[in-house]
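Chemist:
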Amino acid sequence: MTEAFLSGNTTAALAFNPGLGIIDRTCEFENYTAGECNDVLNVELTGRWKNGAQWHCVTKNTVLWGGAPKTEDQKMPLFSEKEIVDVTLGIVAKAGAITWNTDLNSQGHILPNFQHLLKTIDGSIRQNENISNESFKLKENEIANIFLQTKQNLVIGEKSKIEMQVLKKDGDYINATGMIPLKLSNTAVGSLDENGIFLAKKPGEAEVMIQIGKKSAKVKIQVSVKSLVSIVLKSSKRVLGINESANITAVGLMSDSTIADLKDAQITYTLNHPEKASIDKNGSVKAIQSGRILITAKVELNKISKTAILPLVIKDHESPLTMIARRLRLFRYKVPQTLHSTENKRNQYGRMHSNTH
Amino acid sequence: MDQIDIYIMIKAKIWIVSTLLLLTFFSSAQHPAEFMYQRKWGVMHHFLADFYQAENPDKWNRLVDEFDVKALANQLDSVHAGWVIFTIGQNSGYYCSPNSVYDKAMNYPQSHCSKRDLIADLADALNEKGIPLIAYIPFGFKILMHLKIGGMPIWFGNIRCVGATKLKDGGLMVITAALNIFR
């Protein structure tokens, strides 16, 4: 079918329209998205390309897609002039394209109110273009530096957008994210789409690079398997009386900063003073004698094991003041801040400055 | 053919973009939709028989004949529209371009295709202004009913906006392929 359509003009673009509300590429033969859309205020686009096709939507400012309105509601515009301009500029700013459906009279003339609207769109685009062109016309000789920024530690299956900032010699920054094609050093480790989004595929290291004239920048991305990085222990009670029980639970953190699912994990609880308390395999601890005890949990998940220690106090009796203070939660046991170490945070996001030749 | 197929057919719409003019602007190595990126925004018009109460061959022909392509091209040029999407027809069975294959298939007493090739005239008028034309055609319900569901060819030939030459005689293949895509 595509061949038939293009037989008269092999360079023509083609799109198949899957219907209202779908702005996506429906088959490999499409060059742009048909993008029929009623809810243009809420469209989402991340960049120029949608699965390899130019992002495009077609929408309208009336209830109907044309023809004479029959009710008062149908005569009302859907959006204000400002909304239309904002939507258009918003889409264009992200390298998308938009078509506005416009009514014609029976002689094929655009009605005055629509013509005015189109003029407004044109004016806003031109004004915006002047600003953009001014920025991008600078290109090589006006660029002082280029910066690439992204999340540098990813796990398999994770995506991260490569943000690009261009520093002009006059000190202004231009956000060029998704505007200029990037290069990837190792395509086995991940892939990079047209919008500059990196997808982690295999463990390893890859570099994303950009070069504009003599200016260049790169950023390293480390891909790893999602793994357990740390655990902490929580107790239902901080102070136990003799013969009292408390439940200990382990909470794990994965390498992608998500909470670990420990359903399949092997958890082993031990304590340093078995004469003072007992603990079963489910983490239920029972106080026997007064004193301080340390509960240790070893969690093994996908062949990676982590341990954590939790101190508990056992008292044979409490003074009234201590009891009131405890009830009022004046003393709180603080969980050691091992989950988000400074080092870990520092490594999550990194910025690689450009090399200036 | 069941209801689902009919529904799918209703939704199956085909858009064709003319890039005749773009050949002078962009090299053939560029993405076919590069003009959308460069030109940013465009305009669409639904010029349909049922929208203008012209679901009658005589009325439809009069309406199409009165269409002022040059005035529209001037209006669009004055607002620097990046492209134009224009309906060849939609759902009513009336088209603004002559097509003998369609006429033969439908066997109406009087053709539902206009005598004037409005698409070609509009393409020429827009061509003078350097505005690309996108021809729009859906496979609508009424068309299918007329065709008695499948088997009859729809011919897209002689649409000059998608090229200067005729398209291949693959009407039946068009419908079948559309079904395959949207199933």
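Taken in order, these protein sequences are the chains called D and P.
Using the working numbering, the final residue of the first sequence is 360, and nothing's skipped along the way.
Using the working numbering, the final residue of the second sequence is 1496, and nothing's skipped along the way.
Yeah, the Cβ is synthetic: ideal placement off N, Cα and C, and Gly gets one too.
(1) Could you round the C-beta distance between D:LEU274 and D:LEU304 to whole angstroms and report it? I think they count as a contact, below 8 Å.
(2) Name, in chain order, the residues that DSSP records as bridge partners for D:LEU297.
(3) My understanding is that D:LEU361 touches D:THR5, with C-beta atoms under 8 Å, so please give their C-beta distance in whole angstroms.
(4) List the whole-angstrom C-beta distance separating D:ALA37 from D:ASN20, where the pair is believed to meet the contact cut-off of C-beta under 8 Å.
(5) If I measure Cβ to Cβ from D:GLU161 and keep anything under 7 Å in the same chain, skipping five residues before and after, which residues do I get?
(6) Of the choices P:ASP1437, P:PRO1445 and P:HIS1425, whose alpha-carbon is the least far from that of P:ARG1375?
(7) In chain P, what lies closer than 9 Å to D:VAL95 by C-beta?
(8) At what residue ranges does the stretch 67-128 of chain D contain a whole run of the beta strand (DSSP E), taking only runs of 3 or more?
(9) In chain order, which continuous runs of the beta strand (DSSP E) of length 3 or greater are located wholly inside the stretch 200-255 of chain D?
(10) List the residues of chain D whose Cβ lies closer than 9 Å to the Cβ of P:ILE1432, in chain order.
(11) Where do the ends of the alpha helix (DSSP H) carrying D:THR5 lie?
(12) Chain P partners of D:VAL61, CB-CB under 7 Å?
(13) Which parts of the stretch 1348-1389 of chain P are runs of the beta strand (DSSP E), unbroken and 3 residues or longer, counting only runs that do not cross its ends?
(14) Once you ignore the five residues that flank P:PRO1370 on each side, which residues in its own chain have a CB closer than 7 Å to its CB?
(15) Hey, is D:ILE101's beta-carbon within less than 8 Å of any beta-carbon in chain P?
(16) From the DSSP output, in three-state form, read off P:TYR1449 for me.
(17) Measure the beta-carbon distance from D:ILE213 to D:LEU185 and round it to whole angstroms, keeping in mind my assumption that it falls under 8 Å.
(18) Take every Cβ of the stretch 46-55 of chain D, pair it with every Cβ of the stretch 98-114 of chain D, and state whether three or more of those distances are shorter than 8 Å.
(19) Please compile the residues from chain D whose C-beta is within a distance smaller than 9 Å of the C-beta of P:PRO1411.
(20) Is the separation between the beta-carbon of P:PRO1345 and that of D:THR14 shorter than 8 Å?
(21) Considering only the alpha carbon of each residue, which of P:GLY1355, P:GLY1402, P:ALA1448 and P:LYS1417 lies closest to D:THR91?
(22) Can you tell me whether P:HIS1358 is buried or exposed? The criterion is at least 16 other CB atoms within 10 Å of its CB, across all chains shown.
(23) So what's D:MET257 in DSSP terms, helix, strand or just coil?
(24) Could you tell me which residues DSSP puts in a beta bridge with D:HIS59?
(25) Give every residue of the same chain whose Cβ lies closer than 8 Å to the Cβ of D:GLU33, excluding the five residues on either side of it in the sequence, and list them in chain order.
(26) Between the Cα of P:ASN1404 and the Cα atoms of P:PHE1364, P:SER1427 and P:GLY1443, which residue gives the shortest distance?
(27) Which same chain residues, not among the five before or five after P:LEU1336, have their C-beta less than 6 Å away from its C-beta?
(28) Apply the 10 Å Cβ neighbour rule to D:GLY126 and answer buried if 16 or more other Cβ atoms are within range, or exposed otherwise.
(29) Which whole-angstrom value describes the C-beta separation of P:ILE1444 and P:ALA1362, a residue pair presumed to lie in contact below a C-beta threshold of 8 Å?
(30) Counting only C-beta atoms, is D:THR91 closer than 8 Å to chain P at any point?
(31) Could you pull the start and end residues of the beta strand (DSSP E) that D:ASN148 belongs to?
(32) Please compile the residues from chain A whose C-beta is within a distance smaller than 9 Å of the C-beta of D:SER163.
(33) If the cut-off is 8 Å on Cβ atoms, which residues from the stretch 1378-1402 of chain P count as contacting chain D, listed in chain order?
(34) Exposed or buried, P:GLN1388, counting other C-beta atoms within 10 Å across all chains shown (16 or more means buried)?
(35) Helix or strand or just coil, what does DSSP make of D:ASN20?
(36) Got a sec: is the Cβ-Cβ distance from D:THR74 to anything in chain P below 8 Å?
Modeler: From the atom records:
(1) That belief does not hold up - the Cβ atoms of D:LEU274 and D:LEU304 are roughly 22 Å apart, past 8 Å.
(2) D:PRO314
(3) As displayed, chain D neither begins before 4 nor continues past 360, which places residue 361 of chain D out of reach and without an answer.
(4) 4 Å
(5) ALA203 and ASP259
(6) P:ARG1375 has its Cα closest to that of P:HIS1425, out of P:ASP1437, P:PRO1445 and P:HIS1425.
(7) LYS1353 and TRP1354
(8) Runs found: 100-104.
(9) 200-203, 207-215, 218-227, 231-238 and 242-244
(10) Going along chain D, no residue has its Cβ under 9 Å from P:ILE1432, so there is no contact; the nearest lies around 12 Å.
(11) 5-9
(12) MET1357 and ILE1398
(13) Residue ranges of uninterrupted beta strand (DSSP E) with 3 or more members, entirely inside the stretch 1348-1389 of chain P and ordered along the chain, are 1354-1358.
(14) GLN1423, SER1424 and HIS1425
(15) yes
(16) Judged by DSSP in its simplified three-state form, P:TYR1449 adopts strand.
(17) So it is a contact: roughly 5 Å between Cβ atoms.
(18) Yes: the two stretches touch, three or more of their Cβ pairs being nearer than 8 Å.
(19) The premise fails here: P:PRO1411 is roughly 16 Å from chain D at the closest Cβ pair, so nothing lies under 9 Å.
(20) yes
(21) P:GLY1355
(22) buried
(23) strand
(24) Residue pairing from DSSP places D:HIS59 in a beta bridge opposite D:ALA100.
(25) LEU17, ALA18, PHE19 and ALA56
(26) P:PHE1364
(27) Summary for P:LEU1336: the model assigns pLDDT 32, below 50, so the residue's position carries little reliability; its value from the coordinates is reported in the next sentence. Hits under 6 Å: none found.
(28) exposed
(29) 25 Å between Cβ atoms; not a contact.
(30) By this cut-off, D:THR91 is an interface position.
(31) Note, D:ASN148: beta strand (DSSP E), 146-154.
(32) The structure shown contains no chain A; its protein chains are D and P.
(33) GLU1379, PHE1380, ASP1381, VAL1382, ALA1384, LEU1385, GLN1388, LEU1389, SER1391, VAL1392, HIS1393, ALA1394, GLY1395, TRP1396 and ILE1398
(34) Burial of P:GLN1388 is indicated by the presence of at least 16 other C-beta atoms within 10 angstroms of its C-beta.
(35) strand
(36) no
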